[in-house]
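Each number in our numbering corresponds to the 1-based position in the sequence shown with 212 added. The C-beta atom is built at its ideal place from N, Cα and C for all residues, glycine as well. Predicted model only: the values in this text are computed from it and were never measured. For reference, the structure is listed below as structure tokens.
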Amino acid sequence: MSALSLKYARYWRNSLLDADNGKGTALPSGSVPCSLSQMDEGIIDNADLIARLFQDEEVDAETVEVTIRPFVYKSILHHGKTTGAGLPGEIYPVISNAVLYRSGHLYPVNAIIPRDLLEPLDTGSFSIAELSTLDRFATITQFPDFSNTALNGKTKAEWFNNKWEDYRHYCHEMLKFTGAYEIIDERYELIDVSYLIKEDIASDMIKSITQLYADIIKNNPLSPLFSTFTSAKQSATRETLQPNAFFSKRLGHSGNQFCLAEAQRDALSHLTAIKDGEILAVNGPAGTGKTTLLLSVVASTWVQAAIRGEHPEVILAASTNNQAVTNIIDAFGKDFSTGDGVFAGRWLPNVKSFGAYLPSVRSEADMSNKYQTRKFFETVESADYVNTAESHFIERAKLAFPDTGKDTVKPYVDQLHALIMQKYELLSRIEHTWLHLTAARKLVVTELGDHPESTVSERKRDLSEITNLLNNFEKMKDDWEDYLAREPIWYSLLSWIPPIKSKRSLLAKRFLKASGHDQYSTIEQVLPDMEKKIRLAKDNANKLKSSIEQAEQMLSDLSALESSWGVAVKPIAQNVPSGKLTIAMCDELTDITIRFELFLLTTHYWEGRWLLEMSALINQYKGDLAAEKRKTGRSSTQHRWHRRMMLTPCVVSTFHMLPKEMKASRNKAENYADDYLYDFASLLIVDEAGQVLPEVAGASFSLAKKAMVIGDTKQIEPIWSITKQVDMGNLTKEGLLPSEYDEVKYDKLNKTGVMASSGSVMLIAQNVTPYHYDVDLARGMYLFEHRRCYNEIIGYCDELCYSNKLILKRGPSAGNELPAMGYLHIDGICQSSNGGSRKNELEAETIAAWLMENKSRLEKKYGNTLDKIVGVVTPFSGQKNAIISACKAVGIAAGGKVGEVTVGTVHALQGAERLVVIFSPTYSKHNDGKFIDSSQSMLNVAVSRAKDNFLVFGDMDIFDPKQKHLPRGLLASYLFKEESNRLNFRPLPRRDLKCEKSGFSQLVNAEEHDLFLVETLNASKKDVHIVTPWLSLHSIQKEVMTAMVSAIQRGVSITVYTDELFNKDRQSMMLEAIEALKEKGIQTLIVKNVHSKNVMSDDYTHCVGSFNWFSAARHGQFKNYEISIVYRGSEMLKEIEAVKNALLQRAV
């Protein structure tokens, strides 16, 4: 292993420890308290405390690295309760890495707000600041440099006191700048304690990973894959394989109904092509069949091992969170087809999955009820089970091989292997014949053109003509020789005499002319010329004969190969004539025939092999299988894994558990030491790799020979656990970045994906993979066929992230009650929640009310419970809690547990799907933000989770379809594309506006709305503002126009706001209305993106709802039942000002 790889092992280990020890809402085990007064001075005046921190250090060690929590805040209690629901009891808003001297002096190297207190957050609701704000502070503020020990005329004590005061000032300024103090001071109080923890202490969560890193650093094992993963440079790009490459090496398939798509097949081919030590990146947008590919990879690898007749490969599948891992293990249990006939299903009892799941020890009991965990192997690796399983196996085998008649396992294993080899030969024959057939076809086209039969016929015609010409030449020669033979001899002897020469020549010319050959000037030219023509004609004739023979042989060979092709494809041809079958068509057909049959046969082959191995073990250990399990040496452990892969060809785990499972023991000085199985597993599969942190997964790459990394960097990014400042320090410490900040080198390293504050396993894989499938997209292979969502839904994601490269296979939505891309405008307000995150209570309450009102209809339509149908996604954890509370208030179980409607940030539905997804943007015109547009991933994930309907419930005024370069703007262009995308639902009152002083009332039809507007105009004293997305003069009621004119005459200012986009198709009507209103002294403002329908008057009256004031139909089929809410009171001033300012900012 290279020095660079060891640097990354140390760097990632330190990053894990920093993240683990750097939480702001949890105190790590092993933390040591000290008084706040000591921390204020930066000197630990406690010998026992210092001794504890220096425990296990060398005697002469002068320093130890620690993490300090200088400030501890405790939640303020009122009547024995905290001031806000969901608040942590204690928080640690500042964390620093520091060097502790034996003298007690602390030298901090940084100061940060812990990542788990910074938005964006995955789970939990409490935050005190935003990560982007902290980054801005760190960029503009210099941290005190304790490494610069120049005293500059001061005593050492004075120098230290000044530095420590600078450190404390930096911490306070950081909390002030980020706004953290505003939240902390309202809900917490500072207490008299601080904490230190030795940096080398790891929690149980990461201990197995840090221990593996420590072993790598100490023992420097050989691991080509880990070296590739830590290379931090882009691999040379190899030419991608031809379509249908490795036809006969792609040996297994998971089902008999659906074949792999072309891009999936290409990914499998390229995985087959990569060498040990290499990584294949597979970019898989949502719904493009990542899981299907994974199953086929496992099936194919399992069959390959069976054909070799050796032990099965060990395949590890891992990800970073339990959701991603259980998605994999669920697929191994339900997505492999059982097949039909005598080979269907499993031949061993109680084996229900093709995957083994290794959860945490504390989850083992629960998980073992659903999955095949360690308990499964404990059960089946027993003499009782083996005896029972052997009987089951032989009983099923006899049905499949009735002529065998044996009561032992071995004969059936041999017959299964023979059948596997026969099926494999079928694949090989198809590929071999196709290669020869295509070569023959290419040769025929090259030599004979696109119409070979015509070419041969033409050559035969040419030969016939040349033959006739040759015959003519030969006859002419014969005639000429006869002529010369008949000529008197004296003509020849006396031809030197001019008269005789002349006469002789004249007679010869007369003969030649009569024969049609009068081109010769002398007699001597005739015979040589005739002989030359005969030679040429013979040569041409021979060449044509040879070319015809070759052509006929080529056509004969081609015909024979066509016949061979027909024989080769007969097992799969079904109703397709062999002449029309291409290798691509065969690839599809063999997936659901031969390759699936191979998978079934292999399943039973390995079941039989497992029985033989277990029987041998039972005999070897005389029935005491516990003795075998006590053998933990490398050889025994590896053999055990190979044996278990005969039942479950893939081991599934999180990266936090995997290192613990992939280790053996070795003798060391009369004790046992960990002996990790480096370079052991044949394949490591990383799923949802775009979310996997490099430091979490990196160590596990040392355990495998090669890797397939599946993910999508356009989906959710990881929640990085450490800040940029801490990360820079760790990189510099290991020499991976220079000590002086170098933006070019930082950016270069950042692009490789290796950094703990910005990287991911998927980014690393893209960088080091040897293939680039589509040069317009990210490096690696790419899956394109999308089948999950309606085209209108996934079309948005395709345009947003994938350069319109996806192949949309489901089709457009048709005949559904809800639009595929729909929205409901809600005039809510975005506020800060108790935890500092954002919330919009009106949005939350409207979502809950809509779900309750539509629950029965949705459940009846889909024949399922609401929790299986609907998911709710929001950018903010505060809004997540608001929606959960609102749902529970109306009787809908919501959250994240089984049986509850899933409500959460986008992470809650990552890797999952729902028929209906509701998106709650939370932002409003009062408090808009850029978080939704900060990356493409949030809306890409949210939208692509929805199979049938993606519905936005929020303030649609903050969605501008003209800003298509932004994720939100592009979404707006899809939402507002059709008028039918707008949902109708009764508006709910805003609780922050509904108070005793102001009160509120409802308007429930057009007549009440018109009456309200007239009364408001008549009562107004200063101004009236009317917001109506559509504007038509004919829809302004006579009474309303009269009241407006009267108000204008009284000096009241009236402004009408309307939307440019909604009036686009009836612009003449809008202009007519504007002109008419102008004549009356009424101002009209055209505004971008108007969805609100308001009437505001005198900073006292505010009406908001669904009624289109100057476009609504009052009669006939287009008359709608509309509701608006009227708020009155002086408290409306702030709200009305916010609405007016938002409108003016969007004025055209």
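How about residue i and residue j: are their beta carbons less than 7 Å apart?
| i | j | result |
| --- | --- | --- |
| Ser1309 | Val1257 | no |
| Met857 | Val537 | no |
| Leu655 | Trp777 | no |
| Arg264 | Val244 | yes |
| Glu1057 | Leu1200 | yes |
| Ser406 | Pro326 | no |
| Ile262 | Ile255 | no |
| Asn1139 | Cys1042 | yes |
| Phe1319 | Glu1334 | yes |
| Val1082 | Arg1126 | yes |
| Gln1148 | Leu1020 | no |
| Phe996 | His465 | no |
| Leu638 | Pro789 | no |
Keeping to the same chain, check which residues put their C-beta closer than 8 Å to that of residue i; ignore five residues upstream and five downstream.
| i | result |
| --- | --- |
| Ala796 | Pro455, Asn456, Glu474 |
| Val738 | Trp692, Ala720, Leu724, His729, Tyr732 |
| Pro436 | Asp488, Gly489, Asp891, Lys917 |
Count the other CB atoms within 10 Å of the CB of residue i; is the residue buried (16 or more) or exposed (fewer)?
| i | result |
| --- | --- |
| Asp578 | exposed |
| Pro1133 | buried |
| His384 | exposed |
| Val1164 | buried |
| Lys1276 | exposed |
| Val708 | Residue identity check: residue 708 is Trp in the sequence provided, not Val. With fewer than 16 Cβ atoms within 10 Å of its Cβ, Trp708 is classed as exposed. |
| Val1338 | buried |
Residue i to residue j, Cα distance in whole Å?
| i | j | result |
| --- | --- | --- |
| Arg450 | Pro433 | 28 Å |
| Ala511 | Val278 | 49 Å |
| Asp232 | Pro240 | 8 Å |
| Met826 | Glu342 | 57 Å |
| Phe566 | Lys546 | 9 Å |
| Gly467 | Ser1025 | 28 Å |
| Gln584 | Val864 | 10 Å |
| Arg842 | Arg574 | 22 Å |
| Gly992 | Val494 | 6 Å |
| Arg698 | Ile760 | 42 Å |
| Lys1206 | Ser508 | 59 Å |
| Ala529 | Asp427 | 22 Å |
| Asn752 | Glu774 | 32 Å |
| His1177 | Ala651 | 49 Å |
What residue range is occupied by the uninterrupted alpha helix (DSSP H) comprising residue i?
| i | result |
| --- | --- |
| Thr645 | 622 to 660 |
| Met1256 | 1250 to 1261 |
| Phe913 | Neither: Phe913 is in no alpha helix (DSSP H) and is coded neither H nor E. |
| Pro1371 | Look at the range of the chain in this structure, 213 to 1360, and you will see that residue 1371 is not part of it. |
| Leu812 | 808 to 832 |
Which same chain residues, not among the five before or five after residue i, have their C-beta less than 7 Å away from its C-beta?
| i | result |
| --- | --- |
| Ser443 | Val980 |
| Thr171 | Because the chain is modelled from 213 through 1360, residue 171 falls outside the range shown and cannot be assessed. |
| Leu823 | Val598, Ala601, Glu602, Phe605, Val621 |
| Phe1330 | Here Phe1330 scores only 47 on pLDDT, less than 50, and its place in the model should not be relied on; the value that follows carries that caveat. Correct list: empty, nothing qualifies. |
In the DSSP assignment, find the beta strand (DSSP E) that holds residue i and state where it starts and stops.
| i | result |
| --- | --- |
| Leu1200 | Looking at the DSSP string, Leu1200 is not in any beta strand (DSSP E), and its letter there is neither H nor E. |
| Met1308 | 1306 to 1309 |
| Ala414 | Element bounds for Ala414: n/a, residue is neither H nor E. |
| Cys246 | 244 to 246 |
| Cys862 | 862 to 866 |
| Ile403 | 400 to 403 |
| Asn883 | 883 to 888 |
| Val278 | 275 to 281 |
If we cut at 7 Å on Cβ distances, does residue i have a partner in chain D?
| i | result |
| --- | --- |
| Phe283 | No chain D is present in this structure, which holds just one protein chain. |
Looking only at its chain, what residues have a beta carbon closer than 6 Å to the beta carbon of residue i, apart from the 5 residues adjacent to it on each side?
| i | result |
| --- | --- |
| Leu1063 | Ile1104 |
| Phe358 | Tyr319, Lys375 |
| Gly971 | Pro906, Gly965 |
| Phe1188 | Pro1173 |
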